[in-house]
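Participant: Structure provided below as structure tokens; questions to follow.
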Amino acid sequence: MGYSLPILVGCIAVTFLSCGENLRQTQEAAKALSTMAEHAPKMEALQKQIEQRQAERRAKGDTTAMHYEKLLEYIPSSVNGFSSVGEPEGSTSTMGDFSLSTAKRTYQGSDGAELTIELVDYNANAAALALAGMGVFLNLSVDNPEERSRTFDPQLPTSGAWESLKKRSHIAEVTYVLGGRFLLHITATKQESTDRVKAIAQQLNLRALASM
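Next up, the structure:
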């Protein structure tokens, strides 16, 4: 079961248009919506593919999100010049057929930069994943005085990705949907590009996650 494409596009439209504080941003939102319409068949196919992956897992008895402690094993305690600070965070929630697990670590770099890595398992809820992450599969890009963002292909099964640099605050972010199941979000401060967060993502076992 999943959200219909019109509902999904409508939700994304509200998100884009709510950010339209001036004519330029409104024009960018209109362009993004046009791109979404052009890619409607692809989005429908991807939604079905995500649901098919979920059905295959269910047939094997893999019906719930993995426990957050298991999820944390995919997030290392140190990575690319960053060391973990504080205790890792996580939770697993279940309600009937619904389950969701999140795991998160916070890091400090030698240069004072802060890093967070968060991993979410949507195994039991393909519809929620589609709503949260379908945009990474679109051919979208934004470049203005505030940010530079774009989607890119991570070359993994049923996966897509989005990178973003906030130019004024120097915050870099990368988001992956992996295997139609996991949502990975990495954020770092004091960055001039997204190169570092993308390199950190490559140090995680993305292929294993995408193959589940």
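Everything in the sequence shown is counted per our numbering, starting at 21 for the first residue and increasing by one. We treat Cβ as the ideally placed atom computed from N, Cα and C, and that holds for glycine. Just so we're clear, the structure is a prediction, and the values are computed from it rather than from any experiment.
Going along the chain, which residues of its own chain have a beta-carbon closer than 8 Å to the beta-carbon of Arg168, five neighbours each way excluded?
Facilitator: Val162, Ser184, Leu185, Lys187
Participant: So for Ala208, helix, strand or coil by DSSP?
Facilitator: Note: Ala208 maps to strand in three-state DSSP.
Participant: Counting pairs of beta carbons, one from the stretch 89 to 106 and one from the stretch 145 to 159, are three or more of them closer than 8 Å?
Facilitator: Result no; under three Cβ-Cβ pairs closer than 8 Å.
Participant: Once you ignore the five residues that flank Arg73 on each side, which residues in its own chain have a CB closer than 6 Å to its CB?
Facilitator: If we look at Arg73 and ignore the five residues flanking it on each side, its Cβ neighbours are Thr178, Gly200.
Participant: Which residue from Ser98, Glu166, Ile191, Thr122 puts its Cα closest to that of Gln128?
Facilitator: Nearest C-alpha to Gln128: Ser98.
Participant: Under 7 Å between the Cβ atoms of Leu203 and Leu229?
Facilitator: no
Participant: Under DSSP, the alpha helix (DSSP H) around Leu139 begins and ends at which residues?
Facilitator: Careful: Leu139 lies outside any alpha helix (DSSP H), inside the beta strand (DSSP E) at 134 to 141.
Participant: Closest to Ser130 by CA distance: which of Tyr196, Ile220, Ala181, Asn100 is it?
Facilitator: Asn100
Participant: DSSP on Tyr127, reduced to helix/strand/coil?
Facilitator: In this structure, Tyr127 counts as strand in the three-state DSSP scheme.
Participant: What residue does the beta strand (DSSP E) around Tyr196 start on, and which one ends it?
Facilitator: 191 to 198
Participant: First and last residue of the alpha helix (DSSP H) that includes Lys218?
Facilitator: 215 to 222
Participant: Here's the rule: buried if 16 or more other CB atoms are within 10 angstroms of the residue's CB, otherwise exposed. What is Met86?
Facilitator: buried
Participant: Between which two residues does the alpha helix (DSSP H) containing Ala228 stretch?
Facilitator: 226 to 230
Participant: Since Tyr88 contacts Ser111 with CB under 8 Å, what's their CB separation in whole angstroms?
Facilitator: Taking the Cβ atoms as the reference, Tyr88 lies roughly 6 Å from Ser111, within the contact range of under 8 Å.
Participant: In angstroms with no decimal places, state the Cα-to-Cα distance between Glu134 and Asn225.
Facilitator: 22 Å
Participant: Under 7 Å between the Cβ atoms of Thr195 and His205?
Facilitator: yes
Participant: Give the straight-line distance between the Cα atoms of Lys218 and Arg125, rounded to the nearest whole angstrom.
Facilitator: 17 Å
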